[in-house]
Amino acid sequence: MMANTWQDADRPPRSPAESLAIVEEAAARAQAELAFHDSVMYGVWGTAWLFAFGFTHLVVGGARPVLGQVPPWAVGAVWALAIGAGVLASGVYGARHSSALSGHSSRMGARIGMAWAVAMTATAASLVPLGLVEHQIGALFVFAVALLYLGQGSVFVDDVQLGIGVWLAALNVVALILGPQIYNLLLALGGGGALLAGGLLARRREHRGTMAHVS
Amino acid sequence: MSAEGRQAAERSLPELDPVIHAQARLRVMATLSTVPDGDRLAFPRLQELLDLTAGNLSTHLRKLEDAGYVRVDKEFRGRTPVTWVRLTAKGRAAFAAYLEDLRAFVGDDTG
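Just so you know, the protein sequences line up as chains U and Y, in that order.
Take the first sequence: its position 215, counting from 1, is numbered 839 in my numbering, and each next residue is one higher.
Take the second sequence: its position 9, counting from 1, is numbered 1053 in my numbering, and each next residue is one higher.
Okay, structure coming up:
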């Protein structure tokens, strides 16, 4: 309910009901624009996992890969594209959020971002010394991601993050046991799918939070 | 509404905080109330959320600041000046009391 002129902006609302409507509309808009929406991150990374693990499965998975003629470097290129797009989208979203606010939540957001960057960089740096190959490389990253979600879910008492952490840790072990022919398919559907499902749950929670703020 | 009806409605209105009870300042308070305690909102984002001119928003913020409801901090990020706005504890309490009065009235009115 936008005030059209400065006179409108300065006059009292016509009724208590109008006052409440003004409060609800302003608070809902602020929540939508200012709150950090986990659902965005889940959506970005769920899509990246689905795309990258899915493509890898089509190239190297199964007894007779669907895209068996694709050169191996193409898998690396697809991963670079998926991770690069995910990092870019997360960075832009996080930067827009933190530029609006200063204080505890922006400091916390910066530290969480740094923790993820350090964890992923350290994981990447460990691949060569560990001598990991093919699906084992993905498995080490998935393990690191699962630990981060387990930590965040515990600290923030966030059941969605905790659930994703537990699920990814378990799925990763099961997929490793079942072997490289099916590993990437399970992570595409079960991992990417879990992140997208987490996004839907987080979206519902964000919507409820917006309504609860002023009710 | 007739003049008599309007007078009757005004008589039955609770005593609402006049500093908050103006459309623009009510929207400022509602917006800032969503910012977590301990955080501050950048002036340009507040302006964007409220669709107000910088001058108009500054005028309303000054009234709220005079009442002790908001705090405005001007700082530099490198060489760029940045203005941050936040509700004070007094402002949060006043807004909560204002909403309580409103809801009590609307509840009485409808129930």
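Beta carbons are placed, not taken as given, at the ideal position from N, Cα and C, and that holds for glycine.
Along chain Y, in chain order, which residues have C-beta atoms closer than 8 Å to that of Q776 of chain U?
The residue given as residue 776 of chain U occupies position 152 in the first sequence. Simply none; closest approach about 17 Å.
Across the region 764-774 of chain U and the region 786-800 of chain U, are there enough close Cβ pairs to call them in contact, namely three or more that are closer than 8 Å?
Counting C-beta pairs with one atom in each stretch, the region 764-774 of chain U and the region 786-800 of chain U have three or more that are closer than 8 Å, which means they touch.
DSSP state of S726 of chain U, grouped into three classes?
In the first sequence, residue 726 of chain U corresponds to position 102, counting from 1. In the structure shown, S726 of chain U adopts extended strand secondary structure according to DSSP, grouped into three states.
How about G685 of chain U and N808 of chain U: are their beta carbons less than 8 Å apart?
Numbered from 1 along the first sequence, position 61 holds the residue referred to as residue 685 of chain U. Numbered from 1 along the first sequence, position 184 holds the residue referred to as residue 808 of chain U. Cβ distance < 8 Å, so G685 of chain U and N808 of chain U count as in contact.
Between which two residues does the beta strand (DSSP E) harbouring V769 of chain U extend?
As a first step, residue 769 of chain U is located in the first sequence; it is residue number 145 there, counting from the start. First-last for V769 of chain U: 759-779, but that is the alpha helix (DSSP H), not the beta strand (DSSP E).
Taking the alpha-carbon of V668 of chain U as reference, which of U:G815, U:R829, U:H831 has the nearest alpha-carbon?
Here residue 668 of chain U refers to the residue found at position 44 when the first sequence is read from its first residue. Ranking U:G815, U:R829, U:H831 by Cα distance to V668 of chain U puts U:G815 first.
Taking 8 Å as the cut-off, does the region 723-743 of chain U touch the region 693-707 of chain U (at least 3 CB pairs, one atom from each stretch)?
Touching, no.
Pick out whichever of Y:L1076, Y:L1094, Y:P1125 has its Cα sitting closest to the Cα of G1135 of chain Y.
Within the second sequence, residue 1135 of chain Y is the residue found at index 91, counting from 1. Distance check between G1135 of chain Y and each of Y:L1076, Y:L1094, Y:P1125 places Y:L1076 closest, using alpha-carbon atoms only.
For L1143 of chain Y, decide whether its Cβ has a neighbour in chain U, counting only Cβ atoms nearer than 8 Å.
Translated into the one-based positions of the second sequence, residue 1143 of chain Y becomes position 99. Yes, because at least one Cβ of chain U sits closer than 8 Å to the Cβ of L1143 of chain Y.
Looking at the strands, I want to know which residues DSSP matches up with L1131 of chain Y.
The sequence position of residue 1131 of chain Y within the second sequence is 87, counting from 1. Assignment of beta-bridge partners to L1131 of chain Y by DSSP yields Y:V1114.
With the cut-off set at 8 Å, would you say Q1067 of chain Y and R720 of chain U are in Cβ contact?
Translated into positions along the second sequence, residue 1067 of chain Y becomes position 23. Translated into positions along the first sequence, residue 720 of chain U becomes position 96. Against a cut-off of 8 Å, the Cβ pair of R720 of chain U and Q1067 of chain Y comes out as no contact.
Ordered along the chain, which non-local residues of its own chain (more than five positions away) have a Cβ less than 6 Å from that of L691 of chain U?
Position 67 of the first sequence, counted from the start, is the residue given in the question as residue 691 of chain U. Result list for L691 of chain U: L682, V683, in chain order.
For G1099 of chain Y and P640 of chain U, what's the separation of their Cα atoms in angstroms?
Reading the second sequence from its first residue, position 55 is the one you call residue 1099 of chain Y. Reading the first sequence from its first residue, position 16 is the one you call residue 640 of chain U. Those two C-alpha atoms are separated by around 28 Å.
Between which residues of its own chain and L774 of chain U is the CB-CB distance below 6 Å, once the five residues before and five after are set aside?
The residue labelled residue 774 of chain U in the question sits at position 150 within the first sequence. Only G789 meet the Cβ criterion.
Listed by chain order, chain Y residues near H596 of chain U by CB distance under 9 Å
No answer is possible for residue 596 of chain U: the residues shown for chain U start at 625 and end at 839.
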